[in-house]
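Worksheet for the structure shown next.
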Amino acid sequence: MRVIDNLDSVKKVIDEACEASGRNPEEVKIIAVTKYVSIDRAREALEAGIVHLGENRDDGLAQKWEHLGDKPVWHYIGTLQTRKVKNVIDKISYLHSLDRLSLAKEVDKRASGKVNCFIQVNVSGEESKHGLQPGGLLDFVRELQQYSNILVDGLMTMAPYTEDEELLRNCFRELKKLQLAVQELKLDSAPCSELSMGMSNDYRIAVEEGATMVRIGTALVGHELEVQDK
Ligand SMILES: *Cc1c(COP(=O)(O)O)cnc(C)c1O
Numbered sequence: 003m004r005v006i007d008n009l010d011s012v013k014k015v016i017d018e019a020c021e022a023s024g025r026n027p028e029e030v031k032i033i034a035v036t037k038y039v040s041i042d043r044a045r046e047a048l049e050a051g052i053v054h055l056g057e058n059r060d061d062g063l064a065q066k067w068e069h070l071g072d073k074p075v076w077h078y079i080g081t082l083q084t085r086k087v088k089n090v091i092d093k094i095s096y097l098h099s100l101d102r103l104s105l106a107k108e109v110d111k112r113a114s115g116k117v118n119c120f121i122q123v124n125v126s127g128e129e130s131k132h133g134l135q136p137g138g139l140l141d142f143v144r145e146l147q148q149y150s151n152i153l154v155d156g157l158m159t160m161a162p163y164t165e166d167e168e169l170l171r172n173c174f175r176e177l178k179k180l181q182l183a184v185q186e187l188k189l190d191s192a193p194c195s196e197l198s199m200g201m202s203n204d205y206r207i208a209v210e211e212g213a214t215m216v217r218i219g220t221a222l223v224g225h226e227l228e229v230q231d232k
């Protein structure tokens with residue numbers, strides 16, 4: 003399938019989800035997750051009109067960067083080891099996986115300006131998932147104020163891999179609730195206006211529940227490489 007055709011289908015689903023929930027489709031940005039595909043396929047995504055690309059490993063990002071440079075807006079969506087911050091920080095516009103103070107400290111130190119960060123929250127409680135526990139979120143946001151290069155642009159979550167719509171919906175609703183709680187703090191460092199949630203198998207529900215960024219790999223660009231998920 004051509005990316006442009008997949009993009010049409012994805013946009014249609016997003017339009018329908020917005021229609022069903024009274025939202026404006028323009029509020030929803032599509033991030034094409036290119037971790038499973040070649041540089042040529044990533045380039046095809048850009049030619050199809052996609053602006054935002056996501057990678058989840060520093061080496062994958064470096065490889066694509068070498069060819070595509072800063073043409074796309076880059077999103078780092080994977081778990082980030084502190085020692086690898088220096089490899090990615092100058093290449094990305096958004097970090098979706100901020101989940102600990104040691105990482106914030108390193109990002110703050112290495113960045114040459116403010117970094118748009120998403121705090122990754124483990125709303126599903128699955129042990130295999132990374133992210134902050136919801137109960138620790140507000141204290142974490144307050145503590146981040148000490149790092150002047152960290153801007154809490156939003157929250158991110160990964161829902162469980164399941165067909166259970168109610169379970170998915172509850173996860174996304176929980177993240178929306180947490181977003182409102184962060185906004186209530188009214189901190190300049192944490193406008194928290196974005197919600198990064200929804201992947202190939204659940205983005206329709208995520209959009210219905212308020213996602214402003216969906217991270218879509220398989221359904222948009224496909225899945226052609228063996229990549230280790232972290
Ligand atoms: C791989 C990945 C995605 C995209 O997954 P698909 O199911 O292929 O759409 C989204 N978010 C994160 C954090 C990922 O690692």
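Read in order, the letters of the sequence shown correspond to residues 3 to 232 in our numbering. Note that the Cβ used here is the ideal one computed from N, Cα and C, for glycine as well.
- Annotated as proximal: Val15 and Arg206, with beta-carbon spacing under 7 Å.
- Unbroken alpha helix (DSSP H) stretches of 4 residues or longer found wholly inside the stretch 66-121: 87-90 and 103-112, given in chain order.
- Sorted by position in the chain, Val35, Lys37, Tyr38, Gly56, Asn58, Ile79, Gly80, His98, Met160, Met201, Ser202, Asn203, Arg217, Ile218, Gly219, Thr220, Ala221, His225 and Asp231 make up the residues whose C-beta lies under 7 Å from a heavy atom of ligand 1.
- DSSP, read as helix, strand or coil, puts Gly156 in strand.
- In this model, Val12 and Ala34 are separated by some 11 Å (Cα to Cα).
- Nearest in C-alpha terms to Glu165, of all of Asp204, Gly212 and Ile152, is Asp204.
- Counting C-beta pairs closer than 8 Å gives three or more between the stretch 102-119 and the stretch 146-153, which meets the contact rule.
- With a cut-off of 8 Å on Cβ pairs, the stretch 123-140 is not in contact with the stretch 84-98, counting fewer than three such pairs.
- Per DSSP, reduced to three states, the secondary structure at Arg217 is strand.
- Secondary structure in the stretch 28-58: the beta strand (DSSP E) runs of 3 residues or longer, each lying completely within the stretch, are 31-35 and 54-57 in chain order.
- Around the Cβ of Asn58, a 10 Å sphere holds 16 or more other Cβ atoms; the residue is buried.
- Spatial neighbours of Leu170 in its own chain (CB-CB distance under 7 Å, excluding positions within 5 residues in sequence) are listed in chain order as Ala161, Thr164, Asp204 and Ile207.
- Nearest neighbour of Asp17 by Cα position, chosen from Val5, Val30 and Lys73, turns out to be Val30.
- If the five residues before and after Glu128 are omitted, its C-beta is found closer than 7 Å to the C-beta atoms of Pro162, all from its own chain and listed in chain order.
- Proximity to Phe120 across Glu196, Met3 and Arg217 peaks at Glu196, based on C-alpha coordinates.
- Counting along the chain, the unbroken alpha helix (DSSP H) around Ser11 starts and ends at Val5 to Ser23.
- In the three-state scheme derived from DSSP, where H, G and I count as helix and E and B as strand, Val223 is classed as coil.
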